[in-house]
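In order, the protein sequence lines correspond to chains A, L and C.
According to the numbering used here, the residues represented by the first sequence are 1351 to 1663, in order.
According to the numbering used here, the residues represented by the second sequence are 151 to 438, in order.
According to the numbering used here, the residues represented by the third sequence are 1450 to 1744, in order.
We treat Cβ as the ideally placed atom computed from N, Cα and C, and that holds for glycine.
Fair warning: this is a prediction, and the values are worked out from it, not measured in the lab.
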Amino acid sequence: MSGVWATIFQPGFFASDEVRTALIVGGLVAVVSGVVGVFTVLRGQSFAGHSLADVGATGGSGAYLLAVPPLWGFLALSVVGAGLMELIGIQRARSRDLATGIVLGAALGVSALLLYWDTTWHSSNGQAMTVLFGSIFALSESTIPLVVVFSAVSLVLVVLVYRPLLLAGLHPDLARAQRVNARLVGWVFLAALAIAVALSSIALGSILSTAILIGPAATAVRLTRRPGLAMLWAALIGVLAMWLGVLLSYDSYTWPPAHHGWPVSFLVVALIVTAYLAVDLTSGRRRSRHRPDRPPVAAAEPDEDAIHAEWVA
Amino acid sequence: MFSGFMVGTWEAASMVAVVGGLVGFFVVMRGSAFAAHAVPQGAFAGAAGASLLGLNVILGLGVFAVLAALGIGWLSRRGRHDVVVALMLVALLALGSLFLSWSTQYEPEIFGLLFGQVLGVDRSNLVPTAMLAAVCVLVILALFRPLLLASALPEIADADSSRTRWLRTGSLELIFLVVLALATSLTLPVVGALLIFSLMIGPPAAARSITANPRAAAGLSVGIALATVWLSIAGAYRWNLPVGFFVGVLSAACYLLGRGWAFCRRHARRVSAPGSVAMASAPEWEQP
Amino acid sequence: MSGRTRDQDSGAAAAQRAVARDAQMNSAALLSLDRVSVGLGGREVLRGVSFAVRPGEFTGLIGANGAGKTTLLRVILGLQRVDGGRVSVADRRVGYVPQKVLLEPDVPLRACDVVALGLDGRRLGIGWPSARKKMFVDEMLAAVGADPFADARVGELSGGEQQRVLIAHALIGRPRLLLLDEPLANLDLSSSADVVALLARIAREQQIAVLLSAHEMNPLLPVTDRIVYLAHGRAASGTTGEVITTEVLSRLYGHHVDVLRVHGRILVVAGNGGPDAGRGPITIDHARDASGGAV
């Protein structure tokens, strides 16, 4: 029995500080991402989440340059990006995608510059890696209080706009009648999203952060129609994926081919995608067809309309 | 900067710009911003895998790019939501990072693939790159009119194609996706996976703001793309900075300039000809 | 043979002559539907629809939203498979004007470009402008009254203007049959009248058969030769006088309706008596609600 235990939890797992930090931060990030992610998926704002991550990367790179904890950098630019998107958001769907994409491109370009400077000026290797693909084991313990605080902020924001968001999704006219200010609610949600994205960026890197934001949420939404329950499911799936990913990454130190471990971000993403596929393939629901090379209209994607129609408050 | 090994670079860069500008013209026309963003991400994994196995990187790129493009087409045809597609692509990116973590050249490799490098295409790859570029350009030019029709007036194109065997809208979409994949794979080494998107939407968006003539807009798109890429290479060479930085920032600048021009044009027309068509007839159809 | 009476003889002969005459008429038809049925999503959208359209005829396809007009047009265009019956289109050259097109303001296409695409949009190559092509395009634009904005961005035109451009696009290919899906749906009354007059003139001058769908028949009454009235998936076709009668429409709707003629306009009203007795009169004249959308 102890042999099995030792195989699953390689020696030093529970004693390691890095592991503990990783588990705590990862767990919190998963919970926040799950909760925020459900609304993101239901509101059809997956692209927004992705964009914010890319913009946040610029902040992360800049933070390293200024020797500031990266979370602040991610946060700052995420929030600014969210503000920008709200401003652009009034226009029609297609031109908004274009404008958002251009802003992304500029932000990524600046990231390239900053990351390059990171490597040359600070001769600190691996910065591009960490910002883009994450390195949860490299987080210092001092990050934990920050993560706790911002997770709480994001969750509180979601709780604040929970009912209005549901209402706006269920019945926009009813929401207007009850004097729910759709724009304000949208902005608050976007702020919560920005924080969630920043948090997931320090855990998994900005490029892969979308996975923890929309993966567990998309899976949960396939499992249940009730948003509240979906959030619980999403958080649960996210936490499991994170912790299992951390564990496997730790254990993989001896695995082939390179014998220095498999990247934790990869493992977490792989687990999330596996979970989604498992649920998706075992529940075939019929979907509507749309043009192959572009997404459905961002504001009201046909599939999510179907989910909207089935929302239960 | 114009001699020796750099000659090949300028040639490659020009090819990249022409393909990017031309394919990008239709990317914007069709609203395929999503695919243009997603296919390079899939290609990245292929490049990483190829590099790991010591294979030709362009080959790995090309194969994965085509697979990604077809995958997107197939998934969407089956009514798959873009959340799924996004997940699949993130998975591919993660796979790419895994491959790279196994190879010894982790950091510089990633950086070059994601943000581009001046010497992205070396002499040995120049001929395959040129061939790929020629294929892309020829296909797009050959299908110029049908693509215009299918992109701008899809309902009519659908109705047309149902009655004749020739050029069904579905085949056209598929061909375009494959061309996009090929364009991505030849562009990626120079511009970087994350910035291909900018090159493919900035110049065309600027061009279409300046002129309404489709042929002129396509030509202008190529011209602006050439200017963007040349300046980016020059800047990257001169200051030893990543190509992607210049591409991203310059594309955004082009886009903004184009929007500015369009704004001035509309404003000027309104001021000078108050009885003109644009003012006189109030829109009767509500635009969604 | 000798046992047959003269009456029976002439009856059989008359029937035979009628069949022969129908066959002759249908053989000249550009488009004929014979007992077409279509089921969608478990619902029978079209049931045994039959009618024919001949060259130069102006036919109005009338029905409320959901009556199956768009499905019928899609069947004719070959975009929708039929579950029963036959559709024959005599000539491949069919022009189509969809109800709505999504054109962003900065799409790089001018009105003349859209019309030119009607001419050669299916050919390979870039399509360099030629004097001959320009002449055709200009001619067509003038014919539909679109030459004032020939060089304007098509995405910046108003709804009515865009529609004219699309009509020109459809016509430049010299079709024998022109299909329009609810062209009047979002136009105001005077623009409606303009478009109808334009289409009627084209039908007459070019001997093109025009089939357009609408939920309001009154704007079409001055020009239409035939009406195909759709209700509950069934159709009645013939001249206005033949189809728009209390008997025919009541049979179609399955309950009693009254056809009222007021100052040259036609009103179809559900009345009391019959299965809907007690529900009170409801107007079925596909009236528009205040926002301009169909009820």
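**Asked** Within 10 angstroms of its Cβ, does Val1499 of chain A collect 16 or more other Cβ (buried), or is it exposed?
**Response** By 1-based counting over the first sequence, the position of residue 1499 of chain A is 149. Under this definition Val1499 of chain A is an exposed residue.
**Request:** With a cut-off of 8 angstroms on the beta carbons, I'd call Ala1539 of chain C and Ala1478 of chain C a contact; round off their distance for me.
**Result:** Taking the third sequence and counting its residues from 1, the one referred to as residue 1539 of chain C is at position 90. Taking the third sequence and counting its residues from 1, the one referred to as residue 1478 of chain C is at position 29. Sure, about 7 angstroms apart at Cβ, within 8 angstroms.
**Span of the alpha helix (DSSP H), counted from its first residue to its last, around Gly170 of chain L** = Taking the first residue of the second sequence as 1, we reach residue 170 of chain L at position 20. From DSSP, the alpha helix (DSSP H) with Gly170 of chain L extends over Phe155 to Arg180.
**Prompt:** Got a sec: which bits of the region 1597 to 1623 of chain A sit with their beta carbon under 7 angstroms from any beta carbon on chain L, in order along the chain?
**Reply:** Pro1607, Ala1608, Trp1612, Pro1613, Ser1615, Phe1616, Val1619, Ala1620 and Val1623
**Message:** Counting only Cβ-Cβ distances shorter than 7 angstroms, please list the residues of the region 1549 to 1581 of chain A near chain L, keeping chain order.
**Reply:** Ile1557, Leu1558, Thr1560, Ala1561, Ile1564, Gly1565 and Ala1568
**Contacts of Thr361 of chain L in chain C (Cβ-Cβ under 8 angstroms)** = Counted from its first residue, the second sequence places residue 361 of chain L at position 211. Chain C residues near Thr361 of chain L: Pro1557.
**Item:** Short-range partners of chain L found in the region 1564 to 1586 of chain C, where Cβ spacing is below 7 angstroms
**Value:** Leu1566, Asp1569, Gly1570, Arg1571, Arg1572, Leu1573, Gly1574, Ile1575 and Gly1576
**Message:** Count Cβ pairs between the region 1677 to 1686 of chain C and the region 1514 to 1526 of chain C that sit closer than 8 angstroms; are there 3 or more?
**Reply:** yes
**Message:** Could you check whether Pro1557 of chain C and Ala367 of chain L sit closer than 7 angstroms to each other, using their CB atoms as the reference points?
**Reply:** By 1-based counting over the second sequence, the position of residue 367 of chain L is 217. By 1-based counting over the third sequence, the position of residue 1557 of chain C is 108. Contact: yes.
**Item:** Minimum Cβ-Cβ distance from Asp1562 of chain C to chain L less than 7 angstroms
**Value:** As a first step, residue 1562 of chain C is located in the third sequence; it is residue number 113 there, counting from the start. Yes, contact with chain L.
**Asked** Is any beta-carbon of chain L found at less than 7 angstroms from that of Pro1668 of chain C?
**Response** Against the third sequence, residue 1668 of chain C aligns to sequence position 219. Cβ-Cβ to chain L under 7 angstroms: no for Pro1668 of chain C.
**Prompt:** Can you tell me whether Ile1358 of chain A is buried or exposed, with buried defined as 16 or more other CB within 10 angstroms of its CB?
**Reply:** In the first sequence, the residue the question calls residue 1358 of chain A occupies position 8. By the 10 Å Cβ count, Ile1358 of chain A comes out exposed.
**Message:** I need the boundaries of the beta strand (DSSP E) containing Phe1500 of chain C, first residue and last residue.
**Reply:** In the third sequence, counting from the first residue as 1, residue 1500 of chain C sits at position 51. From DSSP, the beta strand (DSSP E) with Phe1500 of chain C extends over Arg1492 to Val1502.
**Asked** Just to confirm, are Leu1427 of chain A and Gly1409 of chain A a CB contact at a threshold of 7 angstroms?
**Response** Sequence index remark: in the first sequence, residue 1427 of chain A carries index 77 (1-based). Sequence index remark: in the first sequence, residue 1409 of chain A carries index 59 (1-based). Contact: yes.
**Message:** Closest to His187 of chain L by C-alpha separation, out of L:Ser335, L:Leu245, L:Trp160 and L:Arg365, would be which residue?
**Reply:** The count along the second sequence starts at 1 and reaches residue 187 of chain L at position 37. Answer by Cα proximity: L:Ser335.
**Message:** Within 8 angstroms, do at least three Cβ pairs link the region 1618 to 1625 of chain A to the region 1559 to 1570 of chain A?
**Reply:** yes
**Item:** Interface residues of the region 338 to 363 of chain L facing chain A [CB-CB below 8 angstroms]
**Value:** Gly342, Leu344, Leu345, Phe347, Ser348, Ile351, Gly352 and Ala355
**Prompt:** Who are the near neighbours of Gly1362 of chain A in its chain, counting only those whose CB is closer than 6 angstroms to its CB and skipping five residues on each side?
**Reply:** As a position in the first sequence, residue 1362 of chain A is number 12, starting the count at 1. Within the same chain, Gly1362 of chain A has no close Cβ partners at all.
**Item:** Below-7 angstroms beta-carbon distance, Leu1526 of chain C vs any chain L residue
**Value:** Position 77 of the third sequence, counted from the start, is the residue given in the question as residue 1526 of chain C. It does: the Cβ of Leu1526 of chain C has a partner Cβ on chain L nearer than 7 angstroms.
**Message:** Can you list, in chain order, the residues of its chain with a C-beta nearer than 6 angstroms to that of Gly265 of chain L? Leave out the 5 residues immediately preceding and following it.
**Reply:** Mapped onto the second sequence, residue 265 of chain L falls at position 115. Correcting the residue identity first, residue 265 of chain L is Phe in this sequence and not Gly. Excluding sequence neighbours, Phe265 of chain L sits near Gly342, Pro392 and Gly394.
**Message:** Can you list, in chain order, the residues of its chain with a C-beta nearer than 6 angstroms to that of Val207 of chain L? Leave out the 5 residues immediately preceding and following it.
**Reply:** Here the question's residue 207 of chain L lines up with position 57 in the second sequence. Here the set comprises Ala197, Ala200 and Ser201.
**Request:** Using a Cβ-Cβ cut-off of 7 angstroms, state whether Phe1389 of chain A counts as contacting chain L.
**Result:** Indexing the first sequence from 1 puts residue 1389 of chain A at position 39. So no, Phe1389 of chain A is outside the interface.
**Message:** I need the DSSP call for Thr1613 of chain C, collapsed to helix, strand or coil.
**Reply:** Taking the third sequence and counting its residues from 1, one reaches residue 1613 of chain C at position 164. Checking the sequence, you will find Arg at residue 1613 of chain C rather than Thr. Three-state result, Arg1613 of chain C: helix.
**Request:** Kindly indicate the opening and closing residues of the beta strand (DSSP E) around Gly1517 of chain C.
**Result:** Mapped onto the third sequence, residue 1517 of chain C falls at position 68. Run containing Gly1517 of chain C: none; DSSP gives neither H nor E here.
**Request:** Output the distance between the C-alpha atoms of Ser1638 of chain A and Ala418 of chain L, rounded to the nearest integer angstrom.
**Result:** Residue mapping note: residue 1638 of chain A aligns to position 288 of the first sequence, counting from 1. Residue mapping note: residue 418 of chain L aligns to position 268 of the second sequence, counting from 1. Low confidence applies here, because Ser1638 of chain A scores a pLDDT of 44, under 50, leaving its location unreliable; read the following figure in that light. Straight-line Cα distance between these residues: approximately 44 angstroms.
**Asked** At least one CB of chain C closer than 7 angstroms to the CB of Ala303 of chain L: is that the case?
**Response** Stepping through the second sequence from its first residue, residue 303 of chain L is reached at position 153. The sequence shown places Leu at residue 303 of chain L, rather than the Ala named in the question. Yes, because at least one Cβ of chain C sits closer than 7 angstroms to the Cβ of Leu303 of chain L.
**Message:** So, with DSSP's three-state summary, where would you put Leu1431 of chain A?
**Reply:** Working through the first sequence from its first residue, we reach residue 1431 of chain A at position 81. The question names Leu, but residue 1431 of chain A is Gly in the sequence shown. Of the three classes helix, strand and coil, the one that applies to Gly1431 of chain A here is helix, per DSSP.
**Message:** Taking only three categories from DSSP, how would you classify Ile1358 of chain A?
**Reply:** Here residue 1358 of chain A refers to the residue found at position 8 when the first sequence is read from its first residue. In this structure, Ile1358 of chain A counts as helix in the three-state DSSP scheme.
**Message:** Assuming the contact rule is C-beta atoms closer than 8 angstroms, Thr1673 of chain C and Phe1507 of chain C should be a hit. Round their C-beta distance to whole Å, please.
**Reply:** As a working note, residue 1673 of chain C is residue 224 in the third sequence. As a working note, residue 1507 of chain C is residue 58 in the third sequence. Confirmed, Cβ separation roughly 5 angstroms.
**Item:** From A:Asn1531, A:Gly1399 and A:Ala1365, residue whose alpha carbon lies closest to that of His1542 of chain A
**Value:** Residue numbering aside, residue 1542 of chain A sits at position 192 when the first sequence is read from its first letter. Per the sequence presented here, residue 1542 of chain A reads as Ala, with His not at that position. Ranking A:Asn1531, A:Gly1399 and A:Ala1365 by Cα distance to Ala1542 of chain A puts A:Gly1399 first.
**Item:** Terminal residues of the alpha helix (DSSP H) in which Tyr1626 of chain A lies
**Value:** Here residue 1626 of chain A refers to the residue found at position 276 when the first sequence is read from its first residue. Residues Val1614 to Leu1631.
**Prompt:** Ordered along the chain, which non-local residues of its own chain (more than five positions away) have a Cβ less than 8 angstroms from that of Thr1574 of chain A?
**Reply:** Here the question's residue 1574 of chain A lines up with position 224 in the first sequence. Cβ neighbours of Thr1574 of chain A beyond the five flanking positions: Ala1580 and Trp1583.
**Item:** Interface residues of chain A facing Tyr405 of chain L [CB-CB closer than 7 angstroms]
**Value:** Looking up residue 405 of chain L in the second sequence gives position 255. In chain order: Ile1452.
**Message:** Judging by CA-CA distance, which residue of A:Leu1597, A:Leu1631 and A:Thr1604 is the nearest neighbour of Glu1368 of chain A?
**Reply:** The residue given as residue 1368 of chain A occupies position 18 in the first sequence. Taking only the C-alpha atoms, the option nearest Glu1368 of chain A is A:Leu1597.
**Asked** To the nearest whole angstrom, what separates the beta carbons of Ala215 of chain L and Ala193 of chain L, a pair I think is in contact under 8 angstroms?
**Response** To locate residue 215 of chain L, count along the second sequence from 1; it is residue 65. To locate residue 193 of chain L, count along the second sequence from 1; it is residue 43. Right, the Cβ-Cβ distance comes to about 4 angstroms (below 8 angstroms), so this counts as a contact.
**Asked** What are the residues of the region 1392 to 1416 of chain A that lie near chain L, defined by any Cβ-Cβ distance shorter than 8 angstroms?
**Response** Ser1396, Phe1397, His1400 and Asp1404
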